[in-house]
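Before any comments, here is the structure.
Structure (structure tokens):
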């Protein structure tokens, strides 16, 4: 195990503050936004990516978790989707198979650039390096079924959010919802 010195963490914190300022200039209309989970820990972030327009992911809101190592930007962050997503380059557990977080990592990459790259991946999957073989096969051989599956997932996501937003007083008989006979 490699232990980082406090200087490494301080360097990472400075860089993360720079990344945070950069990403705070974006809005959800830009397709990506991110912030630390809490003010006292710059090494754990949450992000939201919107599905790109004119893609089957359009209308989807995808939450991601970002874990940043103490030696960032020497080492890349670990990022995973918290929102379920069907995509050739995303494992079922949400881990992302993208070269910029692995062998193509560069210290010039910022959190903003990483998230923009992940959003672009939604539109342009790399089927030569699939994390989800089922999604890759559908994308390659049955594109309409691939699109239908994604749209169904987005509609399910929207319906779940609408249920959470429905005021309780709009239900005629709340007890029938809670206590089925």
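Numbering (the UniProt record's numbering), first residue to last: 1 to 181. We put the beta carbon where it would ideally sit given N, CA and C, even for glycine. The model shown is predicted, which means the values in this text are computed figures rather than measured ones.
- Rounded to the nearest angstrom, the gap between the Cα atoms of residue 90 and residue 122 is 9 Å.
- An exposed status is given to residue 27, since fewer than 16 other beta-carbon atoms sit within 10 Å of its beta-carbon.
- A residue is called buried when at least 16 other Cβ atoms come within 10 angstroms of its Cβ; residue 49 meets this threshold and is buried.
- Cβ neighbours of residue 19 within its own chain (closer than 8 Å, five residues either side excluded): 110, 111 and 112.
- Of the candidates 130, 128, 134 and 87, 87 places its Cα closest to the Cα of residue 55.
- Leaving aside the five residues that flank residue 101 on each side, the residues in its chain whose CB is nearer than 6 Å to its CB run, in chain order, 76.
- For residue 45, the CB contacts under 6 Å within the same chain, skipping 5 residues up- and downstream, are 34, 36 and 66 in chain order.
- Taken through DSSP and simplified to helix, strand or coil, residue 120 comes out as helix.
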